[in-house]
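First comes the structure, then the notes that go with it.
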Amino acid sequence: MRLKLTNRFILLISAVLMAGILALFYFDFRSDSLLLEEVGAGEARKLSNAIFDQLHTSMRLGGGRLENRAIIERFRKIEGIEEIRIVHGQSIDKQYGLEMDEVPRDALDRAAMEGVPSQRISRSPYGYKVARTVVPVLYDKSCGKCHFGRSGDVSGAVSITVSMKEYERIISSHRIKFYVWGGGILLATSFAVLMLVHRRLLEPLESLRQGAVELASGRFDYRVRLNSGDEFEELGEAFDGMAASLAATAEDLREISGKYSRLVNMAPDAILLRDLETGQYCEVNQAATVLSGYSRAELLNMSPKDLFPLHKFSEYNQAVRRWVHDEKGFLHDAMVIKKDGFLVPVEIAASLIEIKGRRYIQEIWRDISERKGLEETIKRQIGVLEEMVRVRTTELGNSLRDLEEAYKKHKSSEQMLIQSAKLISLGEMGAGIAHELNSPLAGILSIAEVLLSRTPKDDRSYFLLEKIKDAAVRSKYIILDMLTYSRPSREGYAPTFLNECIRATLTIFTSEVKTKSIEIVEKFDPELPKVMGNKGQIMEVVLNVLKNARDAMGGAGTIFISTEAVDENGNRYAMAEFRDTGSGIPDDVTDKIFDPFFTTKEKGGGHNIGLGLSISLSIIKEHGGRIEAGNSPEGGAVFRIYLPVYKGG
1 MRLKLTNRFI LLISAVLMAG ILALFYFDFR SDSLLLEEVG AGEARKLSNA IFDQLHTSMR
61 LGGGRLENRA IIERFRKIEG IEEIRIVHGQ SIDKQYGLEM DEVPRDALDR AAMEGVPSQR
121 ISRSPYGYKV ARTVVPVLYD KSCGKCHFGR SGDVSGAVSI TVSMKEYERI ISSHRIKFYV
181 WGGGILLATS FAVLMLVHRR LLEPLESLRQ GAVELASGRF DYRVRLNSGD EFEELGEAFD
241 GMAASLAATA EDLREISGKY SRLVNMAPDA ILLRDLETGQ YCEVNQAATV LSGYSRAELL
301 NMSPKDLFPL HKFSEYNQAV RRWVHDEKGF LHDAMVIKKD GFLVPVEIAA SLIEIKGRRY
361 IQEIWRDISE RKGLEETIKR QIGVLEEMVR VRTTELGNSL RDLEEAYKKH KSSEQMLIQS
421 AKLISLGEMG AGIAHELNSP LAGILSIAEV LLSRTPKDDR SYFLLEKIKD AAVRSKYIIL
481 DMLTYSRPSR EGYAPTFLNE CIRATLTIFT SEVKTKSIEI VEKFDPELPK VMGNKGQIME
541 VVLNVLKNAR DAMGGAGTIF ISTEAVDENG NRYAMAEFRD TGSGIPDDVT DKIFDPFFTT
601 KEKGGGHNIG LGLSISLSII KEHGGRIEAG NSPEGGAVFR IYLPVYKGG
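For what it's worth, the numbering used here labels the leading residue of the sequence shown as 1, then goes sequentially.
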C-alpha cells in the first residue's frame, strides 16, 4: 500500500512529536528520581548530624543511657521520620552487654560498622519511597572517660529512615504541569510545521501531480503555471517545457505510426500480433485477412485454437514455448484453417516483443501451397526409389542373418564338442588313474602310518614320514575328485540341513580353511529348510569354495558366510552365500571360472590343478541346483549355492 506524501508528513511529524514527548517524560522522570534521592540523602544526613550533636552533648554533660534513649525518642516523633535505630559496636556490647535490637541487621549496618557510611532509596510496604542512611559513630578523645576504645575506632552507627512521601507528591504535581505545558508546546509547534509544509511543499507537489495525470491522459496542452517564488516555480516552468516537448514528440510519433501502419498493411505476407496473456490476436494486416478469409474484426476476436487444426495445434504450442524462451523462432510445417474450411500450409517466423510492459508474439505467415505441391511430387519420386532400395536391402539383410545364424550354430556345436571331448577324456583318464594308482597309494599310505607309529616324534625321520603321508592323502583326494567329476553318483542322498553341512566343513577342515589371519563371520538362517542331497559331496563343494576364498585373500582377510531361503519362479531354494575380502574375480575370467583345469593360481605340487570349482559345479548340478560366481559391491568375490528345498515330510 502506497501512502501519499501528506500522510507521510503527518506520520513523520506524529513520530517526531511522540519521540519528543517520550524523551521529555524520560528526562523529567530521571531528573525527578535523582532529585528525590538527593533530597532523601540530604534529609537523612541532617537528621543524623543533629542526633550526633544531641547525643554527644548529652554524654559530655554526663547523661546516661536513659537520657540518650529519650533523645532518640524525641527525634522519632518528628514528622517524616520512619525509623531511627542505634547500632552498637563490639566494644559497647562488651561494656554494657548485648541488646538484640541494637545489633547490625543488614549489609548497610555491617558496612557502617566497618567505618563506611552508606545509604539506599527503597519503597515502603505502603507504596511510597523512603531514604535510609547509616552513619558510623567514631570515638574521640572525650569518649575515653566513659567508654573503652581508641580514638578513631567505630563505636557504633545510627540508622535513620526518612519518608519521601511529601517530596513525591510535590514532584508528581510538578511533573503533571511539565507534561501538560511541554506537550502543548510540542503540539502547537507540530501543527505550525504541518501547516507550513502543507502550504509551501504539498500544494505545489499536488499541482505537479495533477499536471502529470493530465499529461498521462493525453492532454499535452495542460500547464501547471506555479507562482510560488521558489524552487517549485522553477520546477513548474521545467514541467511546462516538458509538456510542450511531449506535444511535439507525440505529433512526430503519429506521423511515424501512420507510415509503419501503411508499410505493414502493404506487406505480401500475413502479419499477426498476439497478446501472450490473453491469447487473442490484437492486430492483423490486410494479407492476414486475405490468407484466412476472415475479416479484421473477426480475426481480432479469435485465438490460435480457432485457426490451427487439432493435429497441428500441439506442435504450434510447443513452438510458441520455444519462441518465448529464445525470443524468436520458426515453424516450417504449419497448417491454417481458412474460413471456407480448406487447409493452407504456411511457414511461420515469430519474434517476441514487449509493448508497455506486456509481451506479444509477432507472427509472419507465408503461404507455401505451391512449394508444398512441388515437395509432394519430389517425395513421391523419392518414395519409389526408397522402396526399390529397401527391397534390395531386405534381401541382402536376410542373407546376412542366415549366414550369421549358421555361424552361431556352428560355434555352439564346436564348443559343445570341445566340452564333450574334455569330459570324455577326463572320465577315461580318471578311471585309468583310479585303477593304476589306488593300490600303490594305499600301500604307501599304510607303510607311512606303520612307520609313523614306530618312530619317535622327536626323530628327524618322523617329519619326513608325515610329509610322505600328506602327499599320499593329497594324491588320493585328487584321484577321488577326478572320479567324482567323471562319474557323479546319486548314492547316499538323504534329507539334510545346509547349515549343518557348512558347520561340519568348518569344524573338520578348520586347519585347511581358517588361519590366524582369516576371520569367518557366520549369519545362518535358523529356519532354513532341509535339502535332498549327499552330505559329503555338499561338504566337498563348501570346502572348495572356502579354499578358493582363502587363496584369493592370500591367507589374510574375512570370509562372510550366510544362508537364507529364497523363492524363484515358483521354486524354493536354500541359498548359501560365501563372500571374501580379496581382489575379486577379473572380468575376463568370469565365464571360464568353472571350466575343467582352469585356474588363476600357480599349478604344481599336487595343488591347484583347476578341478575344484568344476567338480563343485558338477555336484551342484547333479543335486538339481546351481552355483553362481561374481564380485560383491563391497569388494571381493562372492559365490552363491542354490539347492532345491526338500518337499517330503
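The beta carbon of each residue, even a glycine, is placed where N, CA and C say it ideally should be.
Computed from a predicted structure; not experimentally measured.
Does the beta-carbon distance from residue i to residue j come in below 9 Å?
| i | j | result |
| --- | --- | --- |
| F524 | N499 | yes |
| V542 | A565 | no |
| G80 | E166 | yes |
| T558 | V521 | yes |
| F535 | A494 | Correcting the residue identity first, residue 535 is Lys in this sequence and not Phe. Cβ distance < 9 Å, so K535 and A494 count as in contact. |
| L336 | V346 | In the sequence as presented, Leu is not what sits at residue 336; that position holds Val. The answer is yes: Cβ separation under 9 Å. |
| L352 | V324 | yes |
| L186 | L17 | yes |
| V87 | E102 | yes |
| A349 | R366 | yes |
| V130 | A112 | no |
| L437 | K469 | no |
| V344 | S369 | yes |
| F232 | L226 | yes |
| P117 | P104 | no |
Classify residue i as helix, strand or coil using the three-state DSSP reduction.
| i | result |
| --- | --- |
| A111 | helix |
| V162 | strand |
| E564 | strand |
| T496 | strand |
| L273 | strand |
| F220 | coil |
| M553 | coil |
| G648 | coil |
| M302 | coil |
| I353 | strand |
| P136 | strand |
| Y462 | helix |
| H607 | Note that H607 scores a pLDDT of 47, beneath 50, so its modelled location is shaky; the value from the coordinates is reported in the next line. DSSP places H607 in strand when its eight states are reduced to three. |
| S118 | strand |
| I78 | coil |
| R225 | coil |
| V473 | helix |
| R296 | helix |
| V213 | helix |
What does DSSP give as the partner residue(s) for residue i in the beta ladder?
| i | result |
| --- | --- |
| A129 | Per the sequence shown, residue 129 should be read as Lys rather than Ala. DSSP lists R123 as partners of K129. |
| L643 | A574 |
| R262 | According to DSSP, which records beta bridges pairwise, R262 is partnered with nothing at all. |
| I84 | I160 |
| Y281 | R274 |
| W365 | A270, I348 |
| N544 | According to DSSP, N544 bridges with nothing at all. |
| I627 | I641 |
| G329 | A350 |
| M532 | P495 |
| D336 | The sequence given here places Val at residue 336; Asp does not occur at that position. V344, per the DSSP bridge assignment. |
| R358 | I355 |
| I559 | I520 |
If we count the other Cβ atoms within 10 Å of its Cβ and call it buried at 16 or more, is residue i buried or exposed?
| i | result |
| --- | --- |
| Y642 | buried |
| G115 | exposed |
| S155 | buried |
| N317 | exposed |
| H311 | exposed |
| G604 | The predicted model places G604 with a pLDDT of 47, which falls under 50 and marks its position as unreliable; any figure quoted below should be read in that light. Exposed, since its Cβ has fewer than 16 Cβ neighbours within 10 Å. |
| T249 | exposed |
| Y26 | exposed |
| A574 | buried |
| T496 | buried |
| E540 | buried |
| G606 | Caution applies to G606, whose pLDDT of 43 falls short of 50 and renders its modelled position unreliable; the value that the coordinates give is listed next. It is exposed - the Cβ of G606 has fewer than 16 other Cβ atoms within 10 Å. |
| Y485 | The predicted model places Y485 with a pLDDT of 47, which falls under 50 and marks its position as unreliable, so this point remains unresolved. |
| G373 | exposed |
| V384 | exposed |
| T161 | buried |
| V180 | exposed |
Am I right that residue i and residue j are in contact with their C-beta atoms under 8 Å? What's the rounded C-beta distance?
| i | j | result |
| --- | --- | --- |
| I561 | C501 | No, I561 and C501 are not in contact; Cβ-Cβ is about 11 Å, not under 8 Å. |
| V545 | S614 | Actually they do not touch by this definition, with Cβ atoms about 13 Å apart. |
| P644 | N571 | 7 Å |
| I580 | G630 | Here residue 580 turns out to be Asp, not Ile, going by the sequence shown. Not confirmed; about 12 Å, so no contact. |
| G211 | Y222 | 6 Å |
| Y260 | L273 | About 12 Å separates the two Cβ atoms, so there is no contact after all. |
| F239 | L208 | 6 Å |
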